[in-house]
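Numbering-wise (our numbering), the sequence shown opens with residue 67 and increments by one.
Quick reminder that beta carbons are idealized off the backbone N, C-alpha and C, glycines included.
Below you'll find the structure, written out as structure tokens, and then a few comments.
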Amino acid sequence: MNFATDYTLLAEVTRGNIVESVHFGSIAVVDYTGKIVASAGNPELVTFLRSSSKPIQVLPLLVKDLPYDFTAKEIAVMCASHSGTVEHTQTVAGILQKIGLDEGYLSCGTHE
Numbered sequence: 067m068n069f070a071t072d073y074t075l076l077a078e079v080t081r082g083n084i085v086e087s088v089h090f091g092s093i094a095v096v097d098y099t100g101k102i103v104a105s106a107g108n109p110e111l112v113t114f115l116r117s118s119s120k121p122i123q124v125l126p127l128l129v130k131d132l133p134y135d136f137t138a139k140e141i142a143v144m145c146a147s148h149s150g151t152v153e154h155t156q157t158v159a160g161i162l163q164k165i166g167l168d169e170g171y172l173s174c175g176t177h178e
């Protein structure tokens, strides 16, 4: 991985005429066949999104006309990493109950 060639400036945040922060990255836009139709930076760069992809993974549950009526707290837990506090686990249990599943459907790599 080479920062100079793999990443490009994607966004620049300014306050007045002062640059407050810059964000570099690589983007690939693909069609339904997987063919790259637009890109910035290195579209072939392999990376691990980890927690940063959670809000994207939750989108199908929110944009579909599904009967679950998730609360803001439930959506927040689905979009974030958490430490397994009682409040977190109770919220997740409520989500599972709404969708008709139990904790046997959950998987965590460190616990397998």
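Pick from the options that is closest to residue i, judged by C-alpha positions
{"i": "Asn108", "options": "Val152, Gly100 and Phe69", "result": "Phe69"}
{"i": "Glu153", "options": "Lys164, Lys139 and Leu162", "result": "Lys139"}
{"i": "Thr71", "options": "Val85, Phe90, Glu78 and Gln123", "result": "Phe90"}
{"i": "Ala106", "options": "Val95, Met144, Ser149 and Val112", "result": "Val95"}
C-alpha distance - residue i paired with residue j, whole-angstrom precision
{"i": "Leu128", "j": "Tyr73", "result": "31 Å"}
{"i": "Gly82", "j": "Leu76", "result": "19 Å"}
{"i": "Leu132", "j": "Leu115", "result": "26 Å"}
Neighbourhood of residue i by C-beta, 7 Å cutoff - its chain only, sequence neighbours within 5 removed
{"i": "His170", "result": "Per the sequence shown, residue 170 should be read as Gly rather than His. Nothing listed; no residue qualifies."}
{"i": "Glu86", "result": "Val79 and Thr80"}
Residue i Cβ short of 7 Å to the ligand ZN heavy atom set
{"i": "Ala94", "result": "This structure lacks the ligand ZN, and indeed carries no ligand of any kind."}
Cβ shell of residue i (< 8 Å), same chain only, five flanking positions each side left out
{"i": "Ser117", "result": "Ala146 and Ser147"}
(message) Extract the residue ranges of the beta strand (DSSP E) inside the stretch 79-121, only unbroken runs of 3 or more that lie entirely within it.
(response) Whole beta strand (DSSP E) segments, 3+ residues: 84-91, 93-96 and 102-106.
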